[in-house]
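These notes are about the structure you will find just below.
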Amino acid sequence: MTTIYNFSAGPAVLPKEVLQQAADEMLNWHDSGMSVMEMSHRGPEFMSIIAAAQKDLRELLNVPENYKILFLQGGGLGENAIVPMNLLGRKPQPAVVDFIHTGSWTGKSIKEAQKYAQVNIAASGESSGFTRVPSRDSWKLTQDAAYVHLCTNETIDGIEYQFTPDVTVETNGAPIVADMSSHILSRVIDVSKYGVIFAGAQKNIGPAGLTIVIVRDDLLGHALPICPSAFNWSIVAENDSMYNTPPTYAIYIAGLVFQWLKQQGGIAAMEQKNIGKSALLYAYLDASDFYENRVAKDCRSRMNVPFFLKDETLNTAFLAAAKERGLLQIKGHKSVGGMRASIYNAMPIEGVKALIAFMQEFASAHA
Ligand code: PMP
Numbered sequence: 015m016t017t018i019y020n021f022s023a024g025p026a027v028l029p030k031e032v033l034q035q036a037a038d039e040m041l042n043w044h045d046s047g048m049s050v051m052e053m054s055h056r057g058p059e060f061m062s063i064i065a066a067a068q069k070d071l072r073e074l075l076n077v078p079e080n081y082k083i084l085f086l087q088g089g090g091l092g093e094n095a096i097v098p099m100n101l102l103g104r105k106p107q108p109a110v111v112d113f114i115h116t117g118s119w120t121g122k123s124i125k126e127a128q129k130y131a132q133v134n135i136a137a138s139g140e141s142s143g144f145t146r147v148p149s150r151d152s153w154k155l156t157q158d159a160a161y162v163h164l165c166t167n168e169t170i171d172g173i174e175y176q177f178t179p180d181v182t183v184e185t186n187g188a189p190i191v192a193d194m195s196s197h198i199l200s201r202v203i204d205v206s207k208y209g210v211i212f213a214g215a216q217k218n219i220g221p222a223g224l225t226i227v228i229v230r231d232d233l234l235g236h237a238l239p240i241c242p243s244a245f246n247w248s249i250v251a252e253n254d255s256m257y258n259t260p261p262t263y264a265i266y267i268a269g270l271v272f273q274w275l276k277q278q279g280g281i282a283a284m285e286q287k288n289i290g291k292s293a294l295l296y297a298y299l300d301a302s303d304f305y306e307n308r309v310a311k312d313c314r315s316r317m318n319v320p321f322f323l324k325d326e327t328l329n330t331a332f333l334a335a336a337k338e339r340g341l342l343q344i345k346g347h348k349s350v351g352g353m354r355a356s357i358y359n360a361m362p363i364e365g366v367k368a369l370i371a372f373m374q375e376f377a378s379a380h381a
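Numbered per my numbering, the sequence shown finishes at 381, counting up by one with no gaps.
Shown next, in the form of structure tokens:
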């Protein structure tokens, strides 16, 4: 049977071991006589699941004690409204938010924030065709912004921050809000450098429907009156993510993924694997005259690798042949075209090697 490798940008591949364990436990979780889906979120069984998930995530990312980890719903796009509604109250209205515009996802965040805040685009990668993160010395930040919004990995454009801005110097003291939806848990980060980190789960964490927010304590308690209670971080934190019914099954799977990550050696070990996988694919692309990646070398994403066939008339044939070989969901996002291989934590290096072998063969056959 053909080995399947799934390169979807999200919802995306999950570790086989996790899916197998979930299958084994589907009908009867730990002799409780219930599926996780059937449990009260306030019962002892699920309370133990969410507590372990939270503890493991804190350990994996080394989240300091003065940060809350919240399990929410609403996705990355939901956070584009939830973040301003929670943070703008720190400043007199209308408050200003600084954005570093790096591509499709900050583009959406900017549009949403404009409903609530005065938006300043402090730097934009648009003139480069979103092929690089604007250099830090080009950022034109405002004096008293409520926060600075970054997307540290642009899933569609395939660019990733390879640095963390310094809050005191580079953001005028404004806290950084980072959309890490597509690279959280893929590399070691220093959480203390951020005010808020948010991520939709459906790439590196688990199933869609769960959104993780990590927020520093002093940023709580400033929500605008219009903020829905279920998205008010202070209320959610006071209720241990149980103000409303949380996405219980998604939290359970995320918890299994966190355990799997610990078994893999944690985030530092994962990061080394991700460096290896992405370096292999970029090296092949750079050496090829059949394919190309257009992102500046120092801004390339380790998670999402967009590439183009130089002869784009071959795109359909390429995708069909890839699918035949068990290499799934490689089509690029419709806004940029071409191809995209998303190589999240759960993608083994064998998958990247299989993709490269196929690309080599396809190139030789069509040279
Ligand atoms: N931010 C980033 C970086 C993303 O990749 C995505 C989803 N691809 C989103 C936000 C939006 O997430 P959701 O669809 O969960 O709202």
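Here a beta-carbon is modelled for each residue, glycine too, at the ideal position from N, C-alpha and C. Keep in mind it's a predicted model, so treat the numbers as computed, not measured.
Residue j beta carbon less than 8 angstroms from that of residue i
{"i": "residue 387", "j": "residue 90", "result": "Missing from the structure shown is residue 387; the chain here goes from 15 to 381 and no further."}
{"i": "residue 346", "j": "residue 196", "result": "no"}
{"i": "residue 372", "j": "residue 352", "result": "no"}
{"i": "residue 217", "j": "residue 26", "result": "yes"}
{"i": "residue 50", "j": "residue 43", "result": "yes"}
{"i": "residue 233", "j": "residue 261", "result": "no"}
{"i": "residue 171", "j": "residue 123", "result": "no"}
{"i": "residue 295", "j": "residue 355", "result": "yes"}
{"i": "residue 21", "j": "residue 341", "result": "yes"}
{"i": "residue 199", "j": "residue 275", "result": "yes"}
{"i": "residue 229", "j": "residue 81", "result": "yes"}
{"i": "residue 309", "j": "residue 145", "result": "yes"}
Cross-strand partners of residue i (DSSP beta bridge)
{"i": "residue 132", "result": "110"}
{"i": "residue 225", "result": "86 and 214"}
{"i": "residue 190", "result": "162"}
{"i": "residue 173", "result": "168 and 314"}
{"i": "residue 292", "result": "DSSP output for residue 292 lists no bridge partner at all."}
{"i": "residue 115", "result": "138"}
Inter-residue spacing [alpha-carbon to alpha-carbon] between residue i and residue j
{"i": "residue 314", "j": "residue 105", "result": "35 angstroms"}
{"i": "residue 168", "j": "residue 47", "result": "43 angstroms"}
{"i": "residue 66", "j": "residue 237", "result": "28 angstroms"}
{"i": "residue 225", "j": "residue 320", "result": "25 angstroms"}
{"i": "residue 108", "j": "residue 97", "result": "15 angstroms"}
{"i": "residue 263", "j": "residue 219", "result": "13 angstroms"}
{"i": "residue 366", "j": "residue 277", "result": "22 angstroms"}
{"i": "residue 349", "j": "residue 115", "result": "16 angstroms"}
{"i": "residue 86", "j": "residue 30", "result": "25 angstroms"}
{"i": "residue 235", "j": "residue 363", "result": "44 angstroms"}
{"i": "residue 74", "j": "residue 84", "result": "15 angstroms"}
{"i": "residue 134", "j": "residue 156", "result": "8 angstroms"}
{"i": "residue 317", "j": "residue 357", "result": "5 angstroms"}
{"i": "residue 34", "j": "residue 333", "result": "29 angstroms"}
{"i": "residue 259", "j": "residue 175", "result": "34 angstroms"}
Status (buried if at least 16 other CB within 10 Å, exposed otherwise) for residue i
{"i": "residue 58", "result": "exposed"}
{"i": "residue 327", "result": "exposed"}
{"i": "residue 430", "result": "Only positions 15 to 381 of the chain appear in this structure, which leaves residue 430 out of reach."}
{"i": "residue 177", "result": "exposed"}
{"i": "residue 120", "result": "buried"}
{"i": "residue 112", "result": "buried"}
{"i": "residue 380", "result": "exposed"}
{"i": "residue 41", "result": "exposed"}
{"i": "residue 173", "result": "buried"}
ask   = Looking at C-beta atoms only, is the number of pairs between the stretch 140-157 and the stretch 124-131 that lie closer than 8 angstroms three or more?
value = The stretch 140-157, when compared against the stretch 124-131, does not touch it at the 8 angstroms Cβ threshold.
query = Three or more beta-carbon pairs under 8 angstroms between the stretch 283-301 and the stretch 206-213, yes or no?
reply = No, the stretch 283-301 does not touch the stretch 206-213.
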